[in-house]
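So the structure is just underneath, and the comments pick up after that.
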Amino acid sequence: MIGVNWRAASVLTAVLLLAASGVAAQDNKKILRFVQNGNLTILDPIWTTAYVTRDHGYMVYDTLFSTDENNVVKPQMVDKWEVSPDKLVWTFTLRDGLEWHDGQPVTAEDCVVSLKRWVARDSMGQKLSDFIADLSPVDSRTFTLKLKEPYGLVLDSLGKPSSNVPFMMPKRVAATDPFKQIDSQIGSGPFIYVNAESKPGEKHVYIRNPKYKPRSEPASGLSGGKVVKVDRVEFIDMSDPTQQVNALIAGEIDMVENVPHDLLPILKRDRNVQTVNWNPLGQQFTLRFNHLTKPFDNPKIRLAALYSMRQEDYLKATVGEPQYYKVCSAAFVCGAPNGVEIEGDLLKKPNFEKSKALLKEAGYDGSPVVLMQSTTLPVLTNMAPVTKSLLEQGGFKVDMQSMDWQTVVTRRAKKDPADKGGWSAFHTYAIAVDILNPISANWMIAQGDKSWFGWPTDPEMERLRDAYARETDPVKSKALAVAVQNRALETAQYVWLGMWYGPGAARTSVVGWLTAPVTVLWNIEKK
11 MIGVNWRAAS VLTAVLLLAA SGVAAQDNKK ILRFVQNGNL TILDPIWTTA YVTRDHGYMV
71 YDTLFSTDEN NVVKPQMVDK WEVSPDKLVW TFTLRDGLEW HDGQPVTAED CVVSLKRWVA
131 RDSMGQKLSD FIADLSPVDS RTFTLKLKEP YGLVLDSLGK PSSNVPFMMP KRVAATDPFK
191 QIDSQIGSGP FIYVNAESKP GEKHVYIRNP KYKPRSEPAS GLSGGKVVKV DRVEFIDMSD
251 PTQQVNALIA GEIDMVENVP HDLLPILKRD RNVQTVNWNP LGQQFTLRFN HLTKPFDNPK
311 IRLAALYSMR QEDYLKATVG EPQYYKVCSA AFVCGAPNGV EIEGDLLKKP NFEKSKALLK
371 EAGYDGSPVV LMQSTTLPVL TNMAPVTKSL LEQGGFKVDM QSMDWQTVVT RRAKKDPADK
431 GGWSAFHTYA IAVDILNPIS ANWMIAQGDK SWFGWPTDPE MERLRDAYAR ETDPVKSKAL
491 AVAVQNRALE TAQYVWLGMW YGPGAARTSV VGWLTAPVTV LWNIEKK
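In this note's numbering, the protein residues as written are 11 to 537.
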């Protein structure tokens, strides 16, 4: 059990009471009401990759490095760093005056323990850990990262912008087993989580951290000065998209992270509402297989599923408007440095006869595909029915089970057989910056238990990823990225199902929404 520092607890309580009383005296312009793209129930952004939890993390925690609006890594909690001539020793010094919400100083040891927890769960962290010889504090503000051999993705890893983000936590919290959820929300970020006023399923409450010291640089993307311009933020849990739109028009809420595409015309007709393209790089849909249980423990059966897929069916069913989607057979995003489309019709045109032939070769016994369908994340709701139809045309038996997104997030961590509470497949999506290369893309990990949910094991995939991690020549790196993509197709590790783009929406009184791959609520004010 984590011990309680009563002095620190009293400091935090005083801060919360002071801030809460200040909010009560403020007008509505100091309260920001925001609806996420899904309901928030899990609060540990290292334990889960769920984006709603990642967004909560950016409210409460801070990072050593971050990316600006051009995806360039910049220092955040770090004041300065240096690299030895042989590129094996990296030394980092924290900014002066960093504090946890309970009044305790942020130390280098806190950051070391936080990084060790993060590398156990994240794709880039895991690969970085393969190169780490030692990670340890030097003094209260300085720590060193010693490598076994030079590694070119150190800063890219520490500045990873999305799930899992290397958020810094107090040592006593970060010491939690990475496969168990933390029981504290003490961070050093720009907002303080108000547990007493928060209730999953209704709302989550945050207040401005009055002791937070922003960087001096202007805000850009996820970097620069995190200047909070409201006193209070409420994450409102509102799963019905029509209710969200009506509440925004009525002024009952201020911002919606993503609006279903079929409802955008309603908002565009209201002069008091604006749409905001906060993530212009877009997102990619995927279908994830469980490699441990029938039927997808058999690679031929997974490959049969690939031959049944057609990206445009998903994009039409979920997005609808062609201006907001793109058929793209590149795993690492069309138009990005590693974005190379595959040859032929795979993923573009289904071959049901080929699928049935592969099932016959594999000895498919009719074991049903237990397909989890999210009903509360609007952008995913129509995905599973399309998969059910396509797989059935390809010779599969499918048991589609409907549930809310947080149940999907919880259940996908189970390794039980599909007929005993487990699963065979589910849909999700990733923002583009999460999947630009073979190291950042969680879905490409093939290290068994260390892999993302679905737990594939493939030594050849890991050999290719290792080669990519070591390569410094851009031309050779791109060739290795293509090799990784081809290997993922050969083994049918997962399915990528096209790109989609979708704006958020806000009242016109809301200004300062930053262009970034994550919706962040510093820099925002209500005029």
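Heads up, the beta-carbon is just placed ideally off N, CA and C, and yes, glycines get one too.
Exposed unless 16 or more other CB atoms sit within 10 angstroms - verdict on arginine 517: buried
- request: Taking valine 237 and leucine 165 to be in contact with their CB atoms under 8 Å, please state how far apart those CB atoms are, rounded to whole angstroms.
  value: Rounded, the Cβ-Cβ distance is 24 Å, inconsistent with contact.
message: Classify glycine 189: buried if its beta carbon has 16 or more other beta carbons within 10 angstroms, exposed otherwise.
response: It is worth fixing the name first, because residue 189 is phenylalanine in this sequence and not glycine. Looking at its Cβ environment, which holds fewer than 16 other Cβ atoms inside 10 Å, phenylalanine 189 is exposed.
- prompt: If you scan the region 71-148 from start to end, which runs of the beta strand (DSSP E) of 3 or more residues do you find wholly inside it?
  reply: 75-77, 83-85, 88-93, 99-104, 142-147
- request: Hey, could you find the ends of the alpha helix (DSSP H) tyrosine 317 is sitting in?
  value: 309-317
- prompt: In the structure shown, what three-state DSSP assignment does arginine 151 receive?
  reply: coil
task: Could you round the C-beta distance between serine 198 and threonine 77 to whole angstroms and report it? I think they count as a contact, below 8 Å.
output: Their Cβ separation, rounded to whole angstroms, is 19 Å, which puts serine 198 and threonine 77 out of contact at 8 Å.
- prompt: Exposed or buried, which one is threonine 186 when buried takes at least 16 other CB atoms within 10 Å?
  reply: buried
Those residues which DSSP pairs with valine 183 across a bridge: In the DSSP output, where bridge partners are listed per residue, valine 183 has none listed.
task: Note the first and the last residue of the continuous beta strand (DSSP E) segment covering methionine 410.
output: 408-413
Residue range of the alpha helix (DSSP H) that includes arginine 473: 469-480
field: As assigned by DSSP and simplified to three states, the class of arginine 497
entry: helix
message: Strictly by DSSP, which residues pair up with isoleucine 441?
response: Gln293
- request: Write down the C-beta distance between phenylalanine 141 and leucine 157 rounded to the nearest angstrom, noting that I regard them as a contact closer than 8 Å.
  value: 5 Å
message: If contact is defined by three or more beta carbon pairs under 8 Å, each pair taking one atom from either stretch, is the region 316-334 in contact with the region 516-536?
response: no
- prompt: For the candidate residues Val530, Ser172, Phe44, whose alpha-carbon lies nearest to that of tryptophan 288?
  reply: Val530
task: Spell out a yes or no on whether the region 435-447 and the region 291-304 are touching, meaning 3 or more CB-CB pairs, one atom from each, closer than 8 Å.
output: yes
Contact check, arginine 298 vs tyrosine 504, beta carbons under 7 Å: yes
message: When you compare the CB positions of valine 337 and glutamate 353, do they come within less than 7 Å of one another, or not?
response: no
query: If you draw a straight line from the C-alpha of threonine 397 to the C-alpha of tyrosine 161, how long is it?
result: 40 Å
query: Does the distance from the CB of threonine 59 to the CB of serine 173 come in under 7 Å?
result: yes
message: Given a cut-off of 7 Å on the beta-carbon distance, is the pair valine 494 and proline 448 in contact?
response: yes
field: Own chain partners of lysine 221 with C-beta closer than 7 Å, once the 5 adjacent residues on each side are dropped
entry: Glu109
query: What did DSSP end up calling serine 230 once you bin it into helix, strand or coil?
result: strand
- request: Could you check which residue in Val240, Glu244, Pro270 has the C-alpha nearest to that of glutamine 253?
  value: Pro270
query: Thinking C-beta only, is glycine 405 closer than 7 Å to lysine 366?
result: yes
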